[in-house]
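Okay, structure coming up:
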């Protein structure tokens, strides 16, 4: 039985082999494959060892239907295509979560972080009768009070502040301007970009506390000046190119008293603001980036005409103190001789007739006459390694003690000079919030991040 | 300390910058100046107070608050979200140049378009919408942030091919985004409500570019004690090291996460 089965199976196998052989012979000798053409083609493509790689075959890719990858143009580098190819292979090792109805939570600590642990002094105010010195910290989001006479020893890490206000209840975050009420000692804190409030704290405020008073202000306020005689408060607004004026005691959603804004004003990314009550003048520093409003929206906020943007030189513009609406400046200080380079906060000494400007990217304080106009050189420049002035953004005058205070974002330090200082002179005193050998990282409100793959560098816009 | 500092009057930059992109093919940096309605293009090795190589600016550009941007190095284009429109310029544009294409109109669902990213391999353009909130909001509003996905070459009043939004998505508003074309992924910074300094529900989410509707991200890193993140606004990838890099506004910090799952 078994033997008969094996013989029958072998017979079937032999039959199949014979059939394959017959078919092969038919293919070879029947001319179906055009033997002559095949032979010629074979001869023409006959390959001999060359010691290098040779083209063996070419297979066209399927047609693109728009959903698949398109050919990469010659402008794209081969390395980019290779990178994509490599990454495709790597991707196969990790599966995509199939269920789009749930998330896989991958909370984990960062492997690296770049963060400045020290305060970054952005604005400064002084009240000489009580020796009260307040600086705002735009890195850790704090308001710090020091004694005016504090002086951090060179080897000390920092000076402990007398008072700190900061936290999520304060409505104070990107703090770029500060004012001390000389009577109540209330502190006015200006926010830029993230919290559209002017926050006012009493002398007793401490820690994470709500402000004693808040005023809703336009987005992008920066500088502050107060006219105590008239009880008026002036704020610059970067995003609107304007100076907005409120009652000093305004609160809530109170409307402004007046607004200096419009195409004729010359306000171009305004930052610092200062008043000269003696001569009834208003001074504003401008970085020069500007867009213009159409006629129908001359008073509208942020209603700029598309494509109207310009990049003008930095300037100091001068107006009547009560300028209202679309008022052109009385005078403009601007030009290469001025040395202005991202001019920030500004202060006026009415008696000396001088303007003090924190000149951020020049690492200097430049002093002009209040009567200056056009392309004029500063009368004095405080600058140099002895000064320890590094990315100054805030200035304040103590006219009682004849001192000039500087908030330096670049080195965690507030430095004070004689009012008449000039050149590369050391400060009288320094109050540091961090070690003297550590510069500030100056990361401020990072809205994005980039990666330079060529240099393996992280790029942070501020 | 920073390796380089690009700042100062000659750079034509504003001190308010909300985006930066590195073009690895052409070794260039691209930054916006929203106040001057301009795009600045710098040499990749720029350092200090140096001027840009090219500036896109002028009436023909139709740019308004050019806050963020994207560069497509494969198809040589710069893409700019422009409120209710997306503008596409030649990558090498210089001066007052009209857009090559404009996505705009009622079908597009574009409003408060604040960020954009392109996947040049899978041919999609992904747009992040802001919520339109104010930090002065008196009461919480229904979140209306979203991710819109268009075909890369869309032009005119076209419908997005996909819209990711809704309560399951957890999107309040979208800030910077990044893509990983090999796996068809979009990574988005979701910083939460603007008025909250340390918002609940902030996260970095990763969706498939094929997702549509009210869908949660495939992966997410939540803000919180474990991740140390508080208010993420920027994201970028370093595929070589399988890393996700975050810019955190509340921390004023850059955090780098090892994230092999998405590569």
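Protein chains in written order, with our numbering: chain A, 27 to 488; chain H, 7 to 269.
Beta carbons are placed, not taken as given, at the ideal position from N, Cα and C, and that holds for glycine.
In its chain, beyond the 5 residues on either side, 312, 358 and 360 have a beta carbon closer than 6 Å to the beta carbon of residue 341 of chain A. The beta-carbon separation of residue 388 of chain A and residue 370 of chain A, rounded to 11 Å, does not stay under the 8 Å limit for a contact.
About 6 Å separates the beta carbons of residue 77 of chain H and residue 97 of chain H, which is inside the 8 Å limit, making them a contact pair.
The beta carbon of residue 22 of chain H sits closer than 8 Å to those of 40 and 41, all from its chain and outside the five residues before and after it, given in chain order. Partner residues in the beta bridge of residue 251 of chain H, as assigned by DSSP, are H:242 and H:262. Taken through DSSP and simplified to helix, strand or coil, residue 22 of chain H comes out as coil.
In the three-state reduction of the DSSP assignment, residue 42 of chain H falls in the helix class, which pools H, G and I. Separation of residue 251 of chain A and residue 431 of chain A (C-alpha to C-alpha, rounded to the nearest whole angstrom) is 16 Å.
Here residue 186 of chain A is exposed. Its C-beta has fewer than 16 other C-beta atoms within 10 Å. Residues of the segment 256-280 of chain A whose Cβ lies closer than 9 Å to any Cβ of chain H, in chain order: 264, 265, 267 and 279. The C-beta distance from residue 216 of chain A to residue 261 of chain A rounds to 7 Å, short enough to meet the 8 Å contact threshold.
With distances taken between CA atoms, residue 218 of chain A lies nearest to A:164 out of A:208, A:164 and A:192. Contact fails between the segment 449-464 of chain A and the segment 192-209 of chain A, because fewer than three Cβ pairs, one in each stretch, are under 8 Å apart.
By the neighbour-count definition (other C-beta atoms within 10 Å, threshold 16), residue 83 of chain H is a buried residue. For residue 267 of chain H, the secondary structure class from DSSP, reduced to helix, strand or coil, is helix. Interface annotation, residue 62 of chain H: not in contact with chain A, CB-CB separation never under 8 Å.
Residues of chain A with a Cβ closer than 9 Å to the Cβ of residue 252 of chain H are, in chain order, 136 and 475. Taking C-beta separations shorter than 6 Å and ignoring five residues to either side along the sequence, the partners of residue 290 of chain A in its chain run 352 and 354, following chain order. Close CB contacts of residue 141 of chain A within its chain, under the 8 Å cut and outside five residues either way in sequence, are with 467 and 469 (chain order).
With a cutoff of 8 Å on beta-carbon distance, residue 252 of chain H and residue 261 of chain H are scored as near each other. For residue 269 of chain H, the closest alpha carbon among the candidates H:7, H:227, H:186 and H:12 is that of H:186. Taking 8 Å as the CB threshold, residue 41 of chain H lines the interface with chain A.
In this structure, the straight-line span from the alpha carbon of residue 167 of chain A to that of residue 198 of chain A is close to 7 Å. Under the three-state reduction of DSSP, residue 201 of chain A is assigned to strand. Interface residue (Cβ-Cβ distance to chain H less than 8 Å): residue 401 of chain A is not classified as such.
The CB of residue 21 of chain H comes closer than 7 Å to the CB of 313 and 368 in chain A, given here in chain order. Using a 10 angstroms sphere on the CB of residue 146 of chain A, the tally of other CB atoms reaches 16 or more, which defines it as buried. Counting only Cβ-Cβ distances below 7 Å, residue 53 of chain H has no contacts in chain A at all, with the closest Cβ about 11 Å away.
H:122 is the residue among H:127, H:142, H:126 and H:122 whose C-alpha sits nearest the C-alpha of residue 133 of chain H.
Excluding residues up to 5 positions away in sequence, 249, 311, 370, 371 and 372 lie with their Cβ nearer than 6 Å to the Cβ of residue 298 of chain A in the same chain. When Cβ pairs closer than 8 Å are counted between the two stretches, the segment 227-236 of chain H is seen to touch the segment 204-213 of chain H, the count reaching three or more. Among the CB atoms of chain H, none fall inside 8 Å of the CB of residue 228 of chain A. No Cβ of chain H is located within less than 8 Å of the beta carbon of residue 285 of chain A. Interface criterion met: the Cβ of residue 37 of chain H is under 8 Å from a Cβ in chain A. Residue contact check for residue 391 of chain A against chain H: no CB pair falls below 8 Å. Taking the CA atoms as reference points, residue 153 of chain A sits about 7 Å from residue 424 of chain A.
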